[in-house]
Amino acid sequence: MTWQLEAYRGVIVATALLTLVAGCQWLPTAVSPVPIHYVAIEDGVSDADLRAKAGEEVRWVNVRKSPVSVVFNGLQPGQLSCKRGFSASADAHLTAVMHPDDNASLCFSAAGRQTYRVLDAQRPGLELNHEVTVEIVPAP
Numbered sequence: 057m058t059w060q061l062e063a064y065r066g067v068i069v070a071t072a073l074l075t076l077v078a079g080c081q082w083l084p085t086a087v088s089p090v091p092i093h094y095v096a097i098e099d100g101v102s103d104a105d106l107r108a109k110a111g112e113e114v115r116w117v118n119v120r121k122s123p124v125s126v127v128f129n130g131l132q133p134g135q136l137s138c139k140r141g142f143s144a145s146a147d148a149h150l151t152a153v154m155h156p157d158d159n160a161s162l163c164f165s166a167a168g169r170q171t172y173r174v175l176d177a178q179r180p181g182l183e184l185n186h187e188v189t190v191e192i193v194p195a196p
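In the working numbering, the protein residues as written are 57 to 196.
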């Protein structure tokens with residue numbers, strides 16, 4: 057009877073191990089986080105010529121004491137894989153208005169050069185930078 061109990065215990069342990077291994081096969085693999093490129097807006101832009109890979113996030117942070125606007129001309133929503141804090145206008149502008157300590161971000165889906173302007177939101181004619189460039193390179 058003892059050898060039967062040992063055999064039964066072996067079958068239970070083997071079944072438990074197989075179930076554990078098979079169950080782990082269905083778990084998703086860890087996804088590495090998407091890099092984030094930060095652009096601080098103060099009296100100007102911290103990174104006036106930013107370079108990022110397609111799919112990476114570019115995040116603008118307003119560290120001023122007054123609101124600012126980041127404005128892209130001619131950028132189409134189809135050129136983006138993510139958008140937070142930006143809204144499109146009828147005249148093909150993509151704009152984010154950020155209050156102090158606020159941020160907005162975009163992920164560009166295709167390689168190319170995109171230019172934008174940073175404006176004082178309280179005085180729309182006042183530009184903090186004339187034209188700033190984001191260069192998007194192909195993802196590997």
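Using N, Cα and C, we set each Cβ at its ideal position, and we do this for glycine too.
Go through its chain and collect everything with a Cβ distance to residue i's Cβ below 6 Å, but skip five positions before and after it.
| i | result |
| --- | --- |
| residue 184 | 100 and 174 |
| residue 122 | 178 |
| residue 130 | 148 |
| residue 171 | 187 and 189 |
Should residue i go down as buried or exposed, given a rule of 16 or more other Cβ atoms within 10 Å for buried?
| i | result |
| --- | --- |
| residue 69 | Because residue 69 carries a pLDDT of 46, less than 50, the predicted location of this residue cannot be relied on, and no value is offered for it. |
| residue 132 | exposed |
| residue 126 | buried |
| residue 150 | buried |
| residue 192 | buried |
| residue 145 | exposed |
Going along the chain, which residues of its own chain have a beta-carbon closer than 7 Å to the beta-carbon of residue i, five neighbours each way excluded?
| i | result |
| --- | --- |
| residue 137 | 111, 163 and 165 |
| residue 77 | Because residue 77 carries a pLDDT of 44, less than 50, the predicted location of this residue cannot be relied on, and no value is offered for it. |
| residue 103 | 95 |
In its own chain, which residues sit with a C-beta less than 8 Å from the C-beta of residue i, not counting the 5 before and 5 after it?
| i | result |
| --- | --- |
| residue 124 | 97, 118, 153, 154, 174, 175, 176, 177 and 184 |
| residue 143 | 150, 151 and 152 |
| residue 156 | 118, 119, 120, 121, 122 and 123 |
| residue 93 | 103, 106, 108, 112, 113, 114 and 115 |
| residue 169 | 189, 190, 191 and 192 |
Given a cut-off of 8 Å, decide if residue j and residue i are closer than it, judged by their beta-carbon atoms.
| i | j | result |
| --- | --- | --- |
| residue 115 | residue 159 | yes |
| residue 108 | residue 190 | yes |
| residue 106 | residue 90 | no |
| residue 167 | residue 196 | no |
Return yes when the C-beta of residue i is under 7 Å from any heavy atom of the ligand GTP, and no when it is not.
| i | result |
| --- | --- |
| residue 101 | This structure lacks the ligand GTP, and indeed carries no ligand of any kind. |
What would DSSP say about residue i, mapped onto helix, strand or coil?
| i | result |
| --- | --- |
| residue 170 | strand |
| residue 134 | helix |
| residue 119 | coil |
| residue 193 | strand |
| residue 181 | strand |
| residue 103 | coil |
| residue 90 | coil |
Taking residue i and residue j to be in contact with their CB atoms under 8 Å, please state how far apart those CB atoms are, rounded to whole angstroms.
| i | j | result |
| --- | --- | --- |
| residue 161 | residue 141 | 7 Å |
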